[in-house]
Structure formats: structure tokens, C-alpha cells
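Residue numbers (UniProt numbering): 1 to 554. First comes the structure, then the notes that go with it.
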């Protein structure tokens, strides 16, 4: 069927639903199994519901369902990718189809990086009025059926909820039922999807007129009270932020203030000035909804996209509290889910462009600049996948080392950790430099390295012990200790900690000899792993009853 498979290539594709009939007729079937997310939502710290301002990204690009609709990837050159997941809390996939089911590749990439994904339910213009009249004025049975279907769709495809966008006027009966519909939908989504969310877009008022408020007020509060949050329109002024904060009370984090990166209309910021809007929003402790950050790709072009993207998010980073990884194992090759070649064990196995967000790895923090260091993505060389993480910088005269924070962590440290690192060092004197990992812990009186007789590190910084060879019991798994090839260097480390809590994982580049000159270098990171030794020793669960379906031989 054309809905599920591309007519030209027969490949499985993601799809949307048009109109009320398609929504009410939807049933899961075997043709759409490719669209079910295979990656559960990774845990994070602090949890999404903690009391701090959040950041929502609403992705709207040229109508949606572009190359990202190909579930098994495509040979797209210079595609759009998003990878600053550590800095955002919610991802919305937006299009103007009635029911936008997020392409599964986005859900997989977001979930791997601890970010929930919402689809969009939208009605607009006169068709929207008719559609709303049909299900809202029809009473409890009619709007209950729509709520039930939307909750079932999110549950079946394993994404996390809905943005509701009613952009047309409503009759008195329809608008009277709207808060009831929102309450019903929110309750059903919460029960069908763990951690599920329903967010309302600031559009219709309680009397049914369509008039964007750019704030929370008495005209639209009834809808905010019926769901998990309000996404405001974009033309707000500072006094509206203040009023919204006051009216929301303890729920101020549930107000997502709209910021249009394209800067259309009378708005603050936009483009590379988007940080101006964020600064104001955060002054009032409100959450932010960044609309169409694909501006970087659409407006500035594909050619220098990665460079421009890092600049854009680097400017916003001071206003985006990142979330931390709280489970092990942590393993990543830094792949963006795209490339100009496919690398395996450091070797270019297949030249040619590819794009598959499901293959995107856990992404690190991307500080655009940390002192003398810049972090970027390198497509020209990688250990595995399509890209590596490139660190470029200088060690200033008289200083011994520079470091960059890769991951923020928040979890109890297991008694024993193994860490592995694959890197490639380039520069005038690479032999004079050492590359190593550093682990920091949260301050604690009880935290020790090794045995209780050793003194705690004053600043909680630990340098894991270099292992020339892995212990025999783990030799197979940690073959990495020897497997550097194609110019890549491989290192294994172990770290024993007692009663500690992990905080950061950083990369340190240091000089072996002090020098009055500055030393410049480029370091490519191909892979980093942090493993809990105890869980490695346990044998993996047996797999039973494997079946294969939907095979197409070419």
C-alpha cells in the first residue's frame, strides 16, 4: 500500500493521516510495523518533570516528511540533522496534515538521547471548522473517540504525546466541549504512554474566536488547566511574560514561550539573535518553545550547515540547562546519523552519502568553544558510522593541559568501571602529547578511589588507571584495548570508586614536557565507552522465538 511503502523504491516510509475519517478508521496492521520505534526513551537526570525551565523544539521544515520519511535511510547528500539533544527537553514534529505521526527515525534518535517526541494534531481554515464541528459539537462520544485514537496511535508507534493546534473559529457548543476533550485526551495519553504529554497551542479563546494571545490569560487559561502545557504564539512583549508567570503560579515551567527562529512578525530575536528572546524568557523562569530551528539549514544553506548549527546552539547554550546521562553502559561513536562515507573499525568501507537518523549515536555536549578548544563534527574520518568528534585547540605557553567536558553524568558510581577510548591525534608534534579520560564525582565526604586508606581527591577529579591489556575474563569484549588501526589509537582504563556519584566525563590533552611555546593539535574521537564491570560479567539473556517478516529480495 502506498501509505506504507514508497511507490518508486518499495521501501517502507513514515506517513501522516488526513482528515477525521482517516483518523477514526486507523487500526494497527502488519504493514506499519516498520514505523514502531525500536528505541525506548532513555532515562535522564533531572527528570523532565523537575522544577526548572524546559526547552521544546518544534521542527517544521517544508511541509515535513522529506528524506526523513525513509525508515531504512536514504542516499541523501547534506541532509538536515539535529544533534544538540543534551540541551533540549521535548521534540515536536510539525506539519500541516491533520494528524502528524512523527517519522520513526526522529523518535529513535530522540529517545536514545533521553528526549520525548510529540506528534501534532492540527485543524485550520474552513475545513478545520467543519472537522471540529464534527467531533467537538458531537458530544462526549464523538470527542472521546478522537482522544482514544490519538492515544492509541502514540502508544502503538511508541512516541510520547501530542501538540494540539486548533487554528480556526469554533461554535459555542464545540468550544464548550474543547476543555473536556483536552482533559480526556491528556488522561488517556498519560495512561497509555509512560511520561506522555499533551501541549496546547495558544490559538482559540474560550468564546471560540481565533485570536493569538502571546501569553497565558483568562481568555485561554481554561485550556492550559486541562493539559500539560501551553505553547504561546511568538509576538509577545516582556510584560506578557510577567503576566503569564504570575497567572501560572507553580506551573510556570509548563508555559513554553514561542520563539520563531525565522523572526517573522513583530518578535524579539530570531536567527543568530535568538538568544535575546531566550534571555528574557528565562528571566521569568518560563520554558521556551523554539520554532523552526531548521532556519540554519534552510536560510544559510546546506554547505556549511554543521558549522552554522554549532554556532547557533552555542549562542543559546547559556540559557539551555542540559540533562545528564544516568544509566550505564554509555557507549558512542559520535555518529550523526549521516555521512559522506560509511566507516567500520576506522576503515572507509563504502563511499557515498547516506542519511539515517535511527543510526545516530548518543550525542555529547557540544560546547562551541571552551577556552582555547573548539568542538565540531568531522565527516572526513570516523571509527564507526559516518562521523567522529573533532577537538581543535592549543595548549597555552606554560600550561600542561587542556580539557573538554564530553558528557554530564548523574548516577551512583559502580564499584568498578572500565573505560575505553579510540582517538587519532594530529598536529606538529603528536608524539609529545597524551590523550586521556577524566572522571569527576559530586562532592562527598565518603567518596574514595580504590580502597578506604586512599585520600579523597580534593576536587573530585579521577584519572582512570591505564590498562595495557584487559583482564582475561573480558578479553573478548574489550578487544578494543588492542584494536586501533588505520591510524587510530586505542586505550583501556579502569577506575575503582567507593560511595561516589559520577558527575562528568571529560577528555584531557596534555603535554609530556612543560614548554614555553603554545602547542596546537587536532584530536578526533572515534569512540568512548563507560562500562560497569559487574554487569559485564553477567551472561546476556537468551533470545527465543525470533521471526523475520516483510522481506524484499533485490
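Cβ coordinates follow ideal geometry from the N, Cα and C atoms, glycine included. Computed from a predicted structure; not experimentally measured.
query, result
"Euclidean distance between Cα positions of residue 555 and residue 514", "Shown here, the chain extends from 1 to 554; a query on residue 555 therefore has no answer."
"Residue(s) in a DSSP beta bridge with residue 66", "DSSP lists no partner for residue 66."
"Own chain, CB closer than 7 Å to residue 236, minus 5 neighbours either side, in chain order", "214, 215 and 257"
"Proximity to residue 441 [Cα-Cα], best of 276, 85, 499 and 511", "499"
"Which listed residue (100, 174, 131 and 134) has its alpha carbon closest to that of residue 160", "100"
"Helix, strand or coil at residue 353 according to DSSP, with G and I counted as helix", "strand"
"Residue 330 - DSSP class collapsed to helix/strand/coil", "strand"
"6 Å CB neighbourhood of residue 329 in its chain, flanking five on each side removed", "531"
"Boundaries (first-last residue) of the alpha helix (DSSP H) holding residue 191", "172-192"
"Best match in 449, 32, 252 and 19 for proximity to residue 2 [C-alpha to C-alpha]", "32"
"For residue 84, the three-state DSSP class (helix, strand or coil)", "coil"
"Same chain, Cβ closer than 6 Å to residue 541, five either side skipped, listed in chain order", "none"
"Span separating the alpha-carbon of residue 81 from that of residue 106", "10 Å"
"Residue 376 (DSSP reduced to helix, strand or coil)", "strand"
"Contacts around residue 144, its chain only, beta-carbon distance under 7 Å, and the 5 residues preceding and following it disregarded", "184"
"Opening and closing residue of the beta strand (DSSP E) in which residue 465 lies", "465-467"
"Identity of the residues DSSP links to residue 436 by a beta bridge", "508"
"Distance, residue 386 Cα to residue 337 Cα", "7 Å"
"Same chain only: Cβ atoms within 7 Å of residue 67, ignoring 5 sequence neighbours per side", "74, 76, 79 and 355"
"Straight-line gap, residue 365 to residue 252 (C-alpha atoms, nearest Å)", "27 Å"
"Straight-line Cα distance separating residue 194 from residue 549", "28 Å"
"Residue 326 versus 342, 340 and 413, residue with shortest Cα-Cα distance", "413"
"Euclidean distance between Cα positions of residue 384 and residue 527", "8 Å"
"Residues that DSSP places opposite residue 59 in a beta bridge", "93"
"Residue environment, residue 363, which counts as buried when at least 16 other CB atoms sit within 10 Å", "buried"
"Through-space distance from residue 234 to residue 452, alpha-carbon basis", "Only weak support is given to the placement of residue 452: the predicted model assigns it a pLDDT of 48, under 50, and the value that follows is read from those uncertain coordinates. About 57 Å."
"Presumed contact (8 Å Cβ cut-off) between residue 449 and residue 497, rounded CB distance", "6 Å"
"Cβ pair residue 506, residue 438 closer than 8 Å", "yes"
"Cβ neighbour criterion (16 or more within 10 Å) applied to residue 283", "exposed"
"Simplified DSSP assignment, three categories, for residue 452", "Bear in mind that the predicted position of residue 452 carries a pLDDT of just 48, short of 50, making it unreliable; the figure below should be weighed with that in mind. In the structure shown, residue 452 sits in coil (DSSP, three-state: anything other than H, G, I, E or B)."
"Where residue 121 falls: helix, strand or coil (DSSP)", "strand"
"6 Å Cβ shell around residue 247 - same chain, five flanking residues per side excluded", "216"
"Close-in-space but distant-in-sequence residues of the same chain around residue 347 (CB under 6 Å, 5 per side omitted)", "486"
"Backbone secondary structure at residue 293 - three-state DSSP", "coil"
"For residue 410: DSSP bridge partner residues", "Answer is none; residue 410 lacks a bridge partner."
"Where the beta strand (DSSP E) through residue 423 begins and ends", "416-426"
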